[in-house]
Amino acid sequence: MSDTRVSLPAPRYTVAVRTLCEFTAKAGDLDLRFTPSPTGQEGVAGHGVVTSRRGPGYEAEVALSGDFNGLRVRGRADGYNPVTNRLEEIKTVRGEKVAVPANHQALHWAQAKIYGWLLCESRGLAQIDIAVVYFDIVSQRERVLKERFDAPALRAFFEDSCQRFMQWAERELAHRTGRDAALQTLAFPHATFRDGQRLLAESVYKANTSARTLLAQAPTGIGKSIGTVFPALKAMPAQRIDKLFFLSARSTGRAVALHATAQLRGDATRTPLRVIELIARDKACEHPDLACHGESCPLARGFYDRLPAARDAASAASLLDRGTLRDIAAAHQICPYYLAQEMIRWSDLVVADYNYYFDRSAMLFALTAMNEWRVSVLADEAHNLVERGRAMYTVTLDHAAFRDVRRGAPAALKRPMDKLYRQWNALAKASDAAYETRDEEPPAFVETLTQLCSAIVDDMSEHPQRHDAALERFYFDAMHFLRLAEQLTEYGGKHSIFDITRTPRTRAGVDAALCVRNLLPAPYLAPRFAGAHSTTLFSATLHPTDYYRNLLGLPANTVWIEVPSPFHADQLDVHVARHISTRYGQRQRSLPALVGLMAEQYARRPGNYLAFFSSHDYLQQAAAQLAAHRPDIPIWLQARGMTEAGQAAFLDAFAPGGRGIGFAVLGGVFSEGVDLPGDRLIGAFVATLGLPQINPVNERLRERMEAVFGQGYDYAYLYPGLRKVVQAAGRVIRTQQDRGVVWLIDDRYGRAEVQALLPAWWEISAMPPRHANPLALAE
C-alpha cells in the first residue's frame, strides 16, 4: 500500500491559545474592581483538586495544537473525560460570591471552544460537551457552566479567530524576520570597544549561546549597558530568543539602558527593534482619584474596543517610552498603563524594574511561562538584587494601620475584625521583649486572619460598587502575609523567619508589627533564573562570588568573570584616615578632626566633592560644623524624603568648574548610578565603614547566615557595608581622563580583611596584620 500522506509546510507563526483568545475575544470595559484572585500556586493546587475528583480515565493537561493557513495554535486543555466526552476549562476563584465579569467569561469560553475544536480534530470527534468550571479555593466548591457543541461549529469559531489574528500574525512574522536579519548585521555603534568592554560583550554573547547564567563584575565607566545589550541582541537570531529583558533597580539605570538601545537602534528602518519601558502604575495613571473600571474612569470605558487601533499605532513606534505610550493612549482614549502591559507581548526589548521578573507575582515571568517565550535577562547593578529579593518576599502587618481599617470597616466585618484584633492584642502582650522571633507563625492568629480575608471577599463581592482603598490594601497585604507564612517551613525552613516588633503606643498599650521576613531569597529567585534562556547579572561590585551565588540561588553552572579595570592607580589618590573613628559612640569626639580633614583637602584642591555619612543625623552634624568652621565652602545636603525634583537639583549643583561639597547618605540615591564625569566631581569623603546597624533583625540575619553558610558576620555586615563604600567611591572616576581623590575615613579601613574587599587597582598604604577577631570591626 502506498503512503498517501501529504507533507504539510511548517507553520510560519505559533501562538498560544490564551494569547489568541485575548487578542480576539476581549471586548468592552477594562474592569479592575476588587477581584481577589488566587495566586499561581493556589491556581495549580485548585486545578489539582478538581482533576483529582474526576476519577479513573480522566486526562489532565492535554497537549493540543492545530494549524490554519500557516498559523499554529497550541496549548494545554485543563482536562478531558473520554467516557462522558467532556472537555473542561478550569478557572480558580477566591470566594463563592465573586462575580466573574462578563468579558472575562467570554475569554474563558473562547479558550474552551478553541481547545474543543483542537480535541475534536485530533480525535475525530463529531461533537463534544464543553464546561467552564469555576472552582472556589476557599469553599472547595465548583460552579459548572456546560454546553454541547458540534465539531463544525467549533471549527468555524477556531478559523474565524485565526483569521482575525492572521493579519496581525503576518505583520509580526515580517517584523520578526526583519528584526533578526537586522540584528545579524548589527554593528557596534562606536569605532572601538573601551578597555574591558570587549571582554564583557564576548562573555555575555557566550552566555546566551550556551544558555547559561553569567555573573560579571565590571568596573564603572566602561559602558556596561551597551556592552551587555549589544551582544544579547546579536545572540537573539541564532538562539531564537523571543525577548530581551533589561532589568534595573533604579530609574537612572533604565534611562541609561534606553540611551544604549537608542544608539544601537539608530533609525527604525535600519534596525526594526521594538523597545518598551515599563513604569509603575502610580506614575502612569492619568486618573489616580478614580476607580479602575468603566463606570468610573473614562480611559477604562470601552478599553478593549479601542485597544486594536491603539495597538496598531503602538506597534509602529520603535520606542515606547513613558511619553510615547502616554501620547498614543491619549490619542485613542485608553489607559496608558494597561496599553503598556498589552504591548509587552509585541515588543523585543523590555526595560523595567527588577520586580517585573523576580517578584512573587511578576508579570514578565508569568507571561514568559504562559507563552513559552525564550528570554534573555540582563540584571543591571545586580548587587541590589539581594536586598530587593529579600524585600519582595517579606511582608509586615502594621497594628496601628489595622486599627484605622477596623474603625472604618463595614458593619458586616465587625465580628471577624474584632476577633482578629483580640488575637493581635494577645500577641502584643505575650512578652515584654521588644523584638521576638518564632520558628513558625502563630496558628490561631493565622486562622483568624484567614477567616477575616474570606469575610472581606464576600462583603466586597456583594458590594462591587464600593471602593475602600484602605480595606483593599489591608486585604492584599494580609493575603501576601498568609501566602508567605504557608511557606515558612518549605525549603528546609531556612529562608525566612516570623518576628514580632513591639512598640509602646502614644497613649496606653503596645503595638505589635507582625512580619514574615525573608533572609535568604535564593529559593524564591532560583526558578526565575531557571525560567530564562540566559541571565547576565552585572555590576561593579559582585565580590565575593559565593555571596551572590548562595544568596540569589544561581544555577550550579553559573559562569563568573571579572573585567579588569581600565583605570590606573595614578588616576585616583586613595587615603585612609586611620586617626579618626566613625563608630557611633566616638562620632562627637571625632567630628572636629573629620571636618578639619575635609577642609584641608578642599583647600589643597578646590572643586566639587561628595561626602558620604552613615545617617542623616550624622550628615547634618558634620555639615553644621563645617559651615561654622569654614563658611566660605559652599555646601548642599541630601534631605530626608527627597523628591525627584530635589534630587535633580542636588546633582545640578555639581556644575562643571564648580566648587563645593555635597553631603549625602551612604547607600542612598546618590551612592550609585550617579555619573558626574570630569570636574563635576573630583573627590569623595566616605565617613563610615558602611556596616549595617547592629540590631535584633540584623543579628537574626547574622545567626541564620552563620548556620547556613558559616560566614554570619561577613554575610550580614561586612560584605554589604563595603559594597556600599566601593559604589560610593566609584562616583569619582568615570572616564580614563578623570583624576580624583577618595578619603576613607575610619581607622578600620587599615585592616587587611577590609582592604581585601576594595578594588584591586586602588593603591593604599601597606596593610597591617590581619585582625584576629572579625567582630572587632564593629567595636
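If you count the sequence shown from 1, position 516 lands on 670 in the numbering used here, and the numbers rise without skipping.
Ideal Cβ placement from N, Cα and C applies to all residues, glycine included.
Just so you know, these numbers come straight off a predicted model, no measurement behind them.
Please work out which residues of its chain come closer than 6 Å, Cβ to Cβ, to ALA411, disregarding the five sequence neighbours upstream and downstream, and give them in chain order.
-> Annotation for ALA411: SER379, PHE400 and VAL505 place their beta carbon closer than 6 Å to its own, counting only its chain and skipping 5 residues before and after.
Residue range of the beta strand (DSSP E) that ARG656 falls in?
-> 650–658
Over the uninterrupted beta strand (DSSP E) stretch that includes PHE289, give me the two end residues.
-> Run containing PHE289: 281–290, per the beta strand (DSSP E) assignment.
Exposed or buried, MET524, counting other C-beta atoms within 10 Å across all chains shown (16 or more means buried)?
-> Burial check for MET524: the Cβ neighbour count within 10 Å stays below 16, so the residue is exposed.
Leaving out the 5 sequence neighbours to the left and right, which residues in its chain are closer than 6 Å to GLN351 when beta-carbon positions are compared?
-> Excluding positions up to five away in sequence, the list reads ILE376, GLY377 and GLY381.
Spatial neighbours of TYR511 in its chain, beta-carbon cut-off 7 Å, leaving aside the 5 residues before and after | PHE399, LEU401, LEU518, PHE519, VAL531 and ARG682
How big is the Cα-Cα spacing for ASN927 and ASP700?
-> At ASN927, the pLDDT of 38 sits below 50, so the modelled position is not reliable; the number obtained from the coordinates is stated separately. Each residue's Cα considered, the two are about 22 Å apart.
Among all the DSSP beta bridges, which residues are the ones paired with THR550?
-> CYS669
Please classify ASP436: is it buried, with 16 or more other beta-carbons within 10 angstroms of its beta-carbon, or exposed?
-> ASP436 should be labelled exposed.
For LEU805, write down the residues that DSSP places opposite it in a beta bridge.
-> Paired residues: none, contrary to the question.
Can you give me the start and stop residues for the alpha helix (DSSP H) that ALA582 sits inside?
-> 568–583
Below 7 Å CB to CB, which residues in the same chain sit around LEU748 once its five sequence neighbours on both sides are set aside?
-> ILE734, ALA776, ALA841 and ILE899
Taking only the alpha-carbon atoms, compute the straight-line gap between VAL895 and GLY647 and give it to the nearest angstrom.
-> 47 Å
State the Cα-Cα distance for the pair SER450 and LEU444, rounded to the nearest angstrom.
-> 6 Å
Can you tell me whether GLY543 is buried or exposed, with buried defined as 16 or more other CB within 10 angstroms of its CB?
-> Under this definition GLY543 is a buried residue.
As assigned by DSSP and simplified to three states, the class of ASN235 = strand
Have a look at ASP539 and GLY800 and give me their C-alpha separation to the nearest angstrom.
-> The sequence shown places Leu at residue 539, rather than the Asp named in the question. Using only the alpha carbons, I get a separation of about 26 Å.
Can you give the beta carbon distance from GLY837 to ARG732, rounded, assuming they're within the 8 Å contact cut?
-> Their Cβ separation, rounded to whole angstroms, is 19 Å, which puts GLY837 and ARG732 out of contact at 8 Å.
State the beta-bridge partners of ILE244 as determined by DSSP.
-> VAL287
How is TRP790 classed by DSSP in three states: helix, strand or coil?
-> strand
Would you mind working out which of ALA471, MET390 and CYS607 sits nearest THR331, comparing C-alpha positions?
-> Taking the Cα of THR331 as reference, the smallest distance to any Cα among ALA471, MET390 and CYS607 is reached at MET390.
What's the call for SER276, buried or exposed, on a 16-neighbour Cβ count within 10 Å?
-> exposed
Roughly how many angstroms lie between the CA atoms of ASP665 and TYR575, to the nearest whole one?
-> 11 Å
Exposure of LYS388, with buried meaning 16 or more beta-carbon neighbours within 10 Å | buried
With 16 other Cβ atoms within 10 Å as the buried cut-off, status of VAL227 | VAL227 comes out buried.
Are the CB atoms of PRO490 and LEU479 nearer to each other than 7 Å?
-> Their beta carbons are under 7 Å apart, which means PRO490 touches LEU479 by this criterion.
GLU215 lies in the beta strand (DSSP E); which residues open and close that run?
-> Per DSSP, GLU215 belongs to the beta strand (DSSP E) from 213–222.
Would you be able to state if there are at least three C-beta pairs under 8 Å between the segment 840–854 and the segment 780–798?
-> no
Identify whether PHE817 lies in helix, strand or coil by the three-state DSSP scheme.
-> strand
Mapping DSSP to helix, strand and coil, what is GLN779?
-> helix
Return yes when the C-beta of ALA199 is under 6 Å from any heavy atom of the ligand ADP, and no when it is not.
-> The model on display carries no ligand, and the ligand ADP is accordingly not part of it.
In chain order, what residues of the same chain have a beta carbon less than 6 Å from the beta carbon of VAL216, not counting five sequence neighbours either side?
-> Short of 6 Å from the beta carbon of VAL216, and not among the five residues preceding or following it, lie these beta carbons of its own chain, in chain order: ALA231 and TYR234.
Could you give the DSSP three-state label for SER825: helix, strand or coil?
-> coil
Please say whether ARG877 and THR695 have beta carbons closer to each other than 7 Å?
-> Between THR695 and ARG877, the C-beta spacing is below 7 Å.
So, helix, strand or coil for SER405, using DSSP?
-> helix
Where does the unbroken beta strand (DSSP E) through TRP714 begin, and where does it stop?
-> 713–716
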